[in-house]
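Below: one structure, written as structure tokens.
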Amino acid sequence: MTTRAVVKGVGHYLPARVVPNSEFEATLETSDEWIKSRSGIEKRHFAAEGETTSDLATHAAKAALASAELEGSDIDALILATSTADFTFPSAATMVQHNLGMTKGFAFDVQAVCAGFVFALSNANALILSGQAKRVLVIGAETFSRIMDWTDRSTCVLFGDGAGALILEAETGAGDTSDRGVLSTDLNSDGSHRDILYVDGGVSTGTTGVLRMEGKEVFRHAVEKLAQTAHTALASVGLGAEDVDWVVPHQANIRIISSTAKKLGVPMDRVVVTVQDHGNTSAASIPLALSVGVANGQIKQGDLLVTEAIGGGLAWGSVVIRW
3 MTTRAVVKGV GHYLPARVVP NSEFEATLET SDEWIKSRSG IEKRHFAAEG
53 ETTSDLATHA AKAALASAEL EGSDIDALIL ATSTADFTFP SAATMVQHNL
103 GMTKGFAFDV QAVCAGFVFA LSNANALILS GQAKRVLVIG AETFSRIMDW
153 TDRSTCVLFG DGAGALILEA ETGAGDTSDR GVLSTDLNSD GSHRDILYVD
203 GGVSTGTTGV LRMEGKEVFR HAVEKLAQTA HTALASVGLG AEDVDWVVPH
253 QANIRIISST AKKLGVPMDR VVVTVQDHGN TSAASIPLAL SVGVANGQIK
303 QGDLLVTEAI GGGLAWGSVV IRW
């Protein structure tokens, strides 16, 4: 028998303010059609003044707990994937821990930008397999609207704010790919590509900074590396694209999503797509898409999912899960 980290609940939260593409037309040389044709994005959500990443994460976590019929006190560990934490320290995860009434265990942030949730999910799986935790709450939450250059039409129209969460719990499985839970993970990074996607601020500059991106280079790396990591994770447990019920990708850009699906050999009708409604929410995009996919009746218990993401660093990876 084998220990598996099985999904018990999922939830998400989006700030109240909805920002359609047309809102950018007043300040930028752009249009709704220009943005949609290049990214697939139609709208996104922006956090309200005073609404922090930990606030968004708390709402998503509460939704996941409710779907699992659990309380904060039932959680052993909390991992929050974010690049836009409220403060340099303490971690946003500890703030969420307090907000949920989680009085035992531990909480920490993971920073791998848009790949953050995949890295956090892999860490949560490892904690469960090692016996350090029985139940782990994994959250992706971002307020990227706080690190945009509002004069750069190539980046500021792409990003949004939001949060998604899921709960993993240790269960015993047969040890084959029919088991529910995380079946495999694959993580990668390459710091030599730092300059194609980064924020030009931090402790070294004494400023928060804003996001800088070389879009064509990011696209080129994304399609190749996302398909590769998904193939690697599937092959490690003897599975292929034909076994996948749903690809749940990082929601960066519809052209990246469709090109990666084609390279994987998975038709778009088996890909969960939410980028049109949320934009790129970085570490929040995969858990948001998972939660929406469940709510829409797409993702059902027993389905085989592969999630994949790439972000600044570069950092990229994938997780194969039997829902």
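To convert, take the position in the sequence shown, counting from 1, and add 2; that gives my numbering. Every residue gets a Cβ at the ideal spot worked out from N, C-alpha and C, and that includes glycine. The structure displayed is predicted, hence computed values, not measured ones.
Exercise for the section: Please determine, among E53, I81, R46, the residue with the shortest C-alpha to C-alpha distance to A63. Expected result: I81
Practice task
Could you name the residues that DSSP lists as bridge partners for T86?
Solution key: Bridge partners of T86: none, in fact.
Handout entry: Cβ contact check for the segment 74 to 92 and the segment 100 to 115: 3 or more pairs under 8 Å
Key = Contact between the segment 74 to 92 and the segment 100 to 115 is present, because at least three Cβ pairs lie under 8 Å.
Handout entry: Complete beta strand (DSSP E) runs within the segment 8 to 76 (minimum length 3 residues, chain order)
Key = 19 to 22, 45 to 48
Practice task
In the DSSP assignment, find the unbroken alpha helix (DSSP H) run with T262 in it and report its ends.
Solution key: 256 to 266
Handout entry: Sheet register partners of S80 (DSSP bridge)
Key = Rather than Ser, the amino acid found at residue 80 in this sequence is Leu. In the DSSP output, where bridge partners are listed per residue, L80 has A109, L139.
Exercise for the section: Measure the C-alpha to C-alpha separation of A117 and S284 and round it to an integer number of angstroms. Expected result: 7 Å
Handout entry: DSSP beta-bridge partners of T332
Key = What the structure shows of the chain is the stretch from 3 to 325, and residue 332 is not part of that stretch, so it cannot be assessed.
Practice task
Select from T153, V20, G52 the residue whose C-alpha is nearest the C-alpha of L213.
Solution key: T153
Problem - Cα-Cα separation between A235 and A109, rounded to whole angstroms - result: 27 Å
Exercise for the section: Identify which residue in E173, E27, L189, I258 has its Cα closest to the Cα of C158. Expected result: E27
Problem - Same chain, Cβ closer than 7 Å to N125, five either side skipped, listed in chain order - result: I81, V112
Handout entry: Meets three-Cβ-pair contact criterion under 8 Å: the segment 263 to 271 and the segment 231 to 245
Key = yes
Exercise for the section: Can you have a look at Q99 and say buried or exposed, based on whether 16 or more other CB atoms are within 10 angstroms of its CB? Expected result: buried
Handout entry: Whole-angstrom C-beta distance between T209 and G203, which should lie under 8 Å
Key = 4 Å
Practice task
Report the three-state DSSP secondary structure of L199 (helix, strand or coil).
Solution key: Here L199 sits in strand by DSSP.
Handout entry: Close beta carbons around G193, own chain, < 6 Å, minus the five adjacent residues each side
Key = none
Problem - A311, DSSP secondary structure in three states - result: strand
Practice task
In angstroms with no decimal places, state the Cα-to-Cα distance between W36 and M215.
Solution key: 18 Å
Exercise for the section: State buried or exposed for D188, treating a residue as buried only when at least 16 other CB atoms are found within 10 Å of its CB. Expected result: Here D188 is buried. Its C-beta has 16 or more other C-beta atoms within 10 Å.
Problem - Nonlocal neighbours in the same chain, by C-beta distance under 7 Å from L290, ignoring five residues either side - result: Taking C-beta separations shorter than 7 Å and ignoring five residues to either side along the sequence, the partners of L290 in its chain run H14, G164, G166, T276, H280, T283, following chain order.
Exercise for the section: Please check the pair G142 and A232, which I expect to be a contact at CB under 8 Å, by giving their CB distance rounded to whole angstroms. Expected result: Contact doesn't hold; Cβ gap of about 18 Å is too wide.
Problem - With 16 other Cβ atoms within 10 Å as the buried cut-off, status of N127 - result: Under this definition N127 is a buried residue.
Handout entry: P251: first and last residue of the uninterrupted beta strand (DSSP E) it sits in
Key = Boundaries of the beta strand (DSSP E) around P251: 248 to 251.
Practice task
Take S156 and list the residues in its own chain whose beta-carbon comes closer than 8 Å to its own, dropping the five residues that flank it on each side.
Solution key: M215, G217
Practice task
Please confirm if A237 has its CB atom under 8 Å from at least one CB of chain B.
Solution key: Among the chains of the structure shown, chain B does not appear; only one protein chain is present.
Problem - Simplified DSSP state of T210, which is helix, strand or coil - result: coil
Problem - F121 versus Q303 - alpha carbon distance - result: Approximately 23 Å between the Cα atoms of the pair.
Problem - Minimum C-alpha distance to I258 - residue among V9, T29, S39 - result: S39
Problem - Length of the line joining the Cα atoms of G177 and H223 - result: 34 Å
Exercise for the section: Pick helix, strand or coil for L185, following the three-state DSSP scheme. Expected result: strand
Handout entry: Distance CB(A50)-CB(A18) smaller than 8 Å
Key = yes
Practice task
Quickly, what does DSSP pair V322 with across the bridge? List them, please.
Solution key: S186, V308
Exercise for the section: Name the residue from T96, M150, A237 whose alpha carbon lies nearest to the alpha carbon of Y200. Expected result: M150
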